[in-house]
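Here the structure comes first, spelled out in structure tokens, and everything after it is commentary.
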Amino acid sequence: MVSQPALTQSQEAQIASGFHALSDPLRIRVIELLRSQELCVCDLCDRLEINQSKLSFHLKTLKESGLLRSRQEGRWIYYSLNLPQFAAIEQYLSEYRRFSPILTAPPC
């Protein structure tokens with residue numbers, strides 16, 4: 018059996034934060050809109066048909082998790098996906114597929 022290296026506390030926190038950010042349907046919709054292009058807050062509000070104050074909370078959660086990047090241009094803030102963070106979550110999940118066979122518990 019192949020032994021998995023343990024995650025650091027920082028890695029655990031990063032993965033958990035990513036899962037939390039992805040646990041809301043509205044945040045998934047934001048991710049889907051940003052899949053192919055960077056968008057400003059006003060475009061996201063229009064496409065999601067929500068007000069900016071509601072969207073800001075969700076953008077903050079996604080940004081704090083590392084899943085989004087932002088940049089300011091004039092008075093507008095533009096958001097895009099932070100692909101390395103998605104890759105880190107993908108790699109974490111792929112380890113289960115490759116190295117975690119389901120073993121029966123030893124007798125008590």
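The numbering of the sequence shown is the working numbering, which starts it at 18 and goes up by one.
We put the beta carbon where it would ideally sit given N, CA and C, even for glycine.
When C-beta atoms of the region 70 to 83 are compared with those of the region 33 to 48, three or more pairs fall below 8 angstroms, so the two segments count as touching.
Along the length of the region 59 to 107, whole alpha helix (DSSP H) runs at least 4 residues long occupy 69 to 81, reported in chain order. Bridge pairing for residue 56: 96 [DSSP].
Taking C-beta atoms as the reference points, residue 86 and residue 70 fail to come closer than 9 angstroms. Less than 9 angstroms separates the beta-carbon of residue 38 from that of residue 79. Counting of Cβ neighbours within 10 angstroms places residue 120 among the exposed residues, the total staying below 16.
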